[in-house]
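Chemist: Mind looking over this structure? Questions follow.
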Amino acid sequence: MLSYTIKRLLSSIPVLIGLILIVSFMIRAIPGNPARMILGQLATEEAVATLTKQLGLDQPWYLQFFQYLGNLLTGDLGVSLRTKSPISEEIWPFLAATAELAFCAMLIAIVIGVNAGIISAWFQNSWFDYIAMILALIGVSMPIFWLGLMEQWVFAIKLDWLPTSGRENVRDPIESMTNFYIIDTLLQGDFEQLWVVVKHLILPSVALATIPMAIIARITRSTMLEVMKSDFIRTARAKGLRMFWVVYKHSLKNAIIPVLTIIGLQTGLLLGGAILTETIFSWPGIGRYIYEAINYRDYPVIQSGILIIALVFVTINLIVDLLYAAIDPRIKYD
Amino acid sequence: MRQRKGIWAVVFLLVLSLALVGCAKDKAGNDAKEPKDNDDGKSTEETASGGQLVFGRGGDSTSLDPATTTEGEAFKVTQNLYETLINFGPQDTEIHPGLATEWEQSEDGLKHTLKLREGVKFHDGTDFNADAVVFNFERWKSGTGEEFPYYSSQFGDRIAEVKAVDEYTVEFTLTAPIAPFYKNLAMSPFGIASPAAVEQHGENFFKNPVGTGPFKFKEWKENDRITIVKNEEYWQEGLPKLDEVIFRVIPENSARLNALMSGEVDLIDGVNFSDKETIDGNPDLQVFERPSLNIGYLGLTSTRKPLDNKLVRQALNYAVNKQALIDAFYAGAAEPAINPMPPVVAGYNPDVKDYDYNPAKAKELLAEAGYPDGFEMELWAMPVPRPYMPEGQKVAEALQNMFAEIGVKAEIVTYEWGTYLDKAANGEADTFLLGWTGDNGDADNFLYVLLDEDSIGSNNYSYYKNAEVHELLLKAQASPDQAEREELYKQAQVIIKDDAPWIPLVHSTPLLAGRSDISNFLPHPTGSDLLSSVEYTK
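Here it is in structure tokens:
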């Protein structure tokens with residue numbers, strides 16, 4: 001296991017380098033002079049020249065790359081053109097906001113999705129199976145924008161149970177230390193605020209969870225069905241094991257690998273792709289941070305933002321790969 | 335044994351979650367209602383000392399140093415933090431005393447002397463005086479056009495010197511007359527900042543604003559909210575009424591209205607025209623109308639074939655039924671545009687006749703221009719909602735149908751907003767939807783900025799160029815005689831109408847909405863709302 005972990009870790013290094021290479025050259029792929037694009041038509045030549053220098057675009061490409069790499073290794077992501085703050089500091093609250101949201105969404109998606117898939121497979125062709133799979137079909141094709149607004153309409157306006165948007169009650173804001181509000185409020189022992197935070201999380205998490213939940217349910221069901229037809233399951237049942245353990249232990253363990261793959265992919269997608277949900281629920285997350293940067297032509301932010309999302313994606317894949325090996329001893333890295 | 339542990343873990347989790355739900359239920363009753371109750375409580379108890387106002391809006395500020403930006407969202411906040419030498423009227427662009435109490439100009443319009451208000455202090459405790467004014471203007475003068483865009487577009491290098499005559503008198507010396515000089519001074523970007531704070535914060539002043547305004551800066555959480563609090567030392571007795579204003583970013587129009595209806599915010603802008611009825615029908619809410627100072631138009635890029643032909647541009651003008659657009663997309667809260675500026679602007683020419691909706695005439699003109707069977711072109715649809723163009727895509731579709739009637743095949747194209755503006759500024763669009771909200775209510779701010787040849791590459795997206803118009807606009811810009819200026823602008827509008835570089839579509843009345851107990855909120859036509867006298871009634 002240890003050697004597998006090390007090998008897997010080492011193998012992600014070339015991926016990372018390739019990633020950085022692509023991201024760092026994106027800015028060069030923009031037609032024309034990026035500095036001119038940033039400053040607009042009316043900018044003076046000197047201003048363009050200064051910015052070109054500031055962005056390091058006057059140097060040969062390999063120097064630019066190594067400099068960027070060096071900066072990254074020291075944790076320097078550059079400076080935002082718009083706010084003039086170091087991106088590594090500025091990006092953190094946005095990343096935390098999205099991570100908190102994505103975590104809750106995945107929790108909902110996995111718990112409900114996996115269980116719905118299992119039960120559907122267990123009671124194949126029952127009414128539960130039909131309803132669950134119809135819901136899953138609706139779920140994968142759900143327009144999130146519409147769903148979000150409907151959630152707000154029903155749960156915030158009609159029922160008045162939950163707030164429509166944001167992360168906290170702005171009239172009584174949270175003193176934040178980690179930017180993860182659940183952790184903050186827990187650390188402060190302020191359960192009243194914790195409940196406020198949880199209430200703010202529910203609607204956006206559900207909206208964000210809908211599609212992954214549906215996909216996970218469908219994949220779980222189909223792999224479970226396959227596994228449950230195999231010989232060892234028949235044996236397990238024949239020797240008199242209770243059905244619950246047959247399903248949740250023996251079958252699930254053998255069906256979990258494809259499910260895990262999907263979970264990994266979907267988590268990665270959530271982190272980068274939460275922009276719609278973040279927009280409807282005015283969640284100050286990384287998706288909107290990058291989107292705003294695109295509108296303002298803030299290239300260093302776009303570059304670093306994409307890099308970070310890609311990094312998270314790689315990390316999640318790494319974790320998923322390691323989990324494969326932990327769950328299924330047959331998987332080894334050769 | 336292992337299974338046992340698993341079961342205990344599950345049991346533990348169950349108990350924990352039950353306990354949590356239990357807690358939650360206890361509070362749910364109070365909590366869901368809390369924001370509303372809280373606020374009502376405040377407003378009833380302490381009518382005199384205001385309470386909180388949460389203002390929901392579509393985008394975040396780009397800067398809290400108003401001189402460094404042209405973004406309307408930025409001014410919404412800075413208008414309340416800083417004050418200008420001259421003020422606009424509460425709901426118009428007439429000039430009133432601000433930090434300057436009186437002013438006079440020389441015969442030739444080259445010297446302006448302003449008397450300043452005494453006893454005003456910046457939020458950092460330093461004194462507002464003539465030196466502070468000189469400091470601000472020196473700072474803007476020495477910067478570049480990118481650093482201080484409005485200074486460079488409104489004053490350029492025409493302010494030769496700003497001098498402190500005595501502690502409360504400043505004198506401006508110009509190299510050439512600037513007709514809208516005082517209106518310019520009243521624009522939000524020229525709010526006077528504390529020299530001490532500018533020096534202290536340097537490059538980061540835009541995140542640490544210090545002015546003399548009714549509110550002081552408290553906190554800025556990017557892309558989320560900006561909080562400003564009452565300036566206890568404010569020179570105007572009894573103002574501001576509110577204790578705290580929180581500007582919250584809620585990007586989506588419908589979601590913002592939802593937040594208002596659920597009580598999370600108290601006041602919102604960017605209300606969809608189609609939502610007006612819903613709000614009118616809700617006794618807890620009220621609609622505010624912002625006096626119109628805008629124009630929404632379809633630009634016809636006059637450097638692109640076949641739009642380089644005046645007859646073709648006129649033909650397209652004849653093809654558009656403006657009233658139909660207004661009924662369909664503005665819920666009637668707009669009027670058809672004839673000239674490139676709204677009628678409230680001095681110098682508006684009411685005698686200019688609009689191209690009426692007349693497809694037959696349009697076809698005739700097309701045939702005359704050599705396109706009897708029409709032609710194909712691109713029609714760019716704005717990707718973002720603006721008050722003058724709430725639904726770019728749908729307006730584009732309606733226009734597409736109207737053009738189809740005269741045989742012109744328009745293909746609808748759209749880009750992400752930044753790209754859209756860049757490409758349009760490069761003259762890459764055949765026809766494009768766009769609009770403008772006036773900054774100071776002067777005709778120069780519409781005609782020169784949007785249609786003069788000097789503005790090609792910036793705001794003259796249609797690449798309109800007419801030597802005669804150029805001459806008229808420059809002359810009007812420099813003339814100190816207001817009556818003469820208005821005459822010049824009237825002439826320019828006649829020529830522009832005939833050249834038809836645009837299809838002027840509408841002047842819309844942007845809508846806002848708020849709690850029904852908000853009073854004294856007067857939306858300003860420029861979009862920069864002063865909130866000092868806003869209060870809750872009851």
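Residue numbers (my numbering), protein chains in the order written: chain A, 1 to 334; chain B, 335 to 872.
Positions of the beta carbon are idealized from the N, C-alpha and C atoms, including for glycine.
Is there a C-beta anywhere in chain A that falls below 9 Å from the one on residue 687/B?
Modeler: no
Chemist: Quick one: list the residues of chain A neighbouring residue 558/B, beta-carbon separation under 7 Å, in chain order.
Modeler: 284
Chemist: For the segment 88-97 of chain A against the segment 67-79 of chain A, do three or more pairs of beta-carbon atoms, one drawn from each stretch, fall closer than 8 Å, so that the two count as touching?
Modeler: yes
Chemist: Quick one: which chain A residues come within Cβ less than 8 Å of residue 386/B?
Modeler: 171
Chemist: Can you check DSSP and say which residues form a bridge with residue 79/A?
Modeler: 86/A
Chemist: When you compare the segment 748-767 of chain B with the segment 600-618 of chain B, are there three or more beta-carbon pairs, one atom per stretch, that lie closer than 8 Å?
Modeler: no
Chemist: Tell me, to the nearest whole angstrom, how far the beta carbon of residue 668/B is from that of residue 840/B; I am working on the premise that it is less than 8 Å.
Modeler: With 8 Å as the limit, residue 668/B and residue 840/B qualify as a contact, their Cβ atoms being about 4 Å apart.
Chemist: Within 9 Å of any Cβ in chain B, is that where the Cβ of residue 214/A sits?
Modeler: No, residue 214/A does not count as interfacial toward chain B.
Chemist: May I ask you to report which of helix, strand or coil DSSP gives residue 738/B?
Modeler: helix
Chemist: Anyone know if the C-beta pair for residue 398/B and residue 551/B falls short of 9 Å?
Modeler: yes
Chemist: Listing by chain order, which chain B residues have their CB less than 9 Å from the CB of residue 248/A?
Modeler: None at all; the shortest Cβ gap to chain B is about 10 Å.
Chemist: With contact counted as at least three CB pairs below 8 Å, one residue from each stretch, are the segment 608-626 of chain B and the segment 848-861 of chain B in contact?
Modeler: Contact holds: three or more Cβ-Cβ distances are below 8 Å.
Chemist: Can you give the Cα-Cα distance for residue 339/A and residue 318/A, rounded to whole angstroms?
Modeler: Outside the shown range of chain A (1 to 334) lies residue 339/A, about which nothing can therefore be said.
Chemist: My assumption, with CB atoms under 8 Å, is that residue 573/B sits in contact with residue 867/B. Please give the rounded CB distance.
Modeler: 6 Å
Chemist: Would you check if there are 3 or more beta carbon pairs closer than 8 Å linking the segment 511-530 of chain B to the segment 812-821 of chain B?
Modeler: yes
Chemist: Please report the distance separating the alpha-carbon of residue 871/B from that of residue 864/B.
Modeler: Answer to the nearest angstrom: the Cα atoms are 18 Å apart.
Chemist: Using DSSP with H/G/I as helix, E/B as strand and the rest coil, what is residue 723/B?
Modeler: strand
Chemist: Within 10 angstroms of its Cβ, does residue 556/B collect 16 or more other Cβ (buried), or is it exposed?
Modeler: With 16 or more Cβ atoms within 10 Å of its Cβ, residue 556/B is classed as buried.
Chemist: Which partner residues does residue 429/B have in the DSSP bridge list?
Modeler: 422/B
Chemist: With residue 483/B as the anchor, note down where its alpha helix (DSSP H) starts and where it stops.
Modeler: 483-488
Chemist: Would you call residue 454/B buried or exposed, if buried means 16 or more other Cβ atoms sit within 10 Å of its Cβ?
Modeler: buried
Chemist: Does the segment 109-118 of chain A come close enough to the segment 203-223 of chain A to have 3 or more Cβ pairs within less than 8 Å?
Modeler: yes
Chemist: Looking at C-alpha atoms only, which residue of 84/A, 274/A, 248/A is the closest neighbour of residue 96/A?
Modeler: 274/A
Chemist: Just the Cα atoms here: how many angstroms apart are residue 751/B and residue 295/A?
Modeler: 7 Å
Chemist: Output the boundary residues of the beta strand (DSSP E) element that contains residue 714/B.
Modeler: Element bounds for residue 714/B: 710-714.
Chemist: Counting pairs of beta carbons, one from the segment 771-779 of chain B and one from the segment 634-653 of chain B, are three or more of them closer than 8 Å?
Modeler: no
Chemist: Cβ atoms of residue 832/B and residue 811/B: under 9 Å apart, would you say?
Modeler: no
Chemist: With three or more C-beta pairs closer than 8 Å as the rule, is the segment 308-323 of chain A touching the segment 257-268 of chain A?
Modeler: By the Cβ criterion, the segment 257-268 of chain A is in contact with the segment 308-323 of chain A, since at least three pairs of Cβ atoms, one from each stretch, lie closer than 8 Å.
Chemist: Could you tell me which uninterrupted beta strand (DSSP E) segments, each at least 3 residues in length, are contained entirely in the segment 647-702 of chain B, listed from first to last along the chain?
Modeler: 668-670
Chemist: In chain order, what residues of the same chain have a beta carbon less than 8 Å from the beta carbon of residue 702/B, not counting five sequence neighbours either side?
Modeler: The answer, listed in chain order, is 645.
Chemist: What is the residue span of the alpha helix (DSSP H) that residue 567/B lies within?
Modeler: Here residue 567/B belongs to no alpha helix (DSSP H), and DSSP marks it neither H nor E.
Chemist: Thinking C-beta only, is residue 520/B closer than 9 Å to residue 420/B?
Modeler: yes
Chemist: Which class does residue 357/B belong to by DSSP, given the choice of helix, strand or coil?
Modeler: Note that residue 357/B scores 41 on pLDDT, short of 50, meaning its location in the model is unreliable; the coordinates nonetheless yield the value given after this. Of the three classes helix, strand and coil, the one that applies to residue 357/B here is helix, per DSSP.
Chemist: Please classify residue 742/B: is it buried, with 16 or more other beta-carbons within 10 angstroms of its beta-carbon, or exposed?
Modeler: With at least 16 other beta carbons inside 10 angstroms of its own, residue 742/B counts as buried.
Chemist: Going by alpha carbons, who is nearest to residue 838/B out of 666/B, 632/B, 505/B?
Modeler: 632/B
Chemist: Give the range of the beta strand (DSSP E) segment to which residue 493/B is assigned.
Modeler: 493-500
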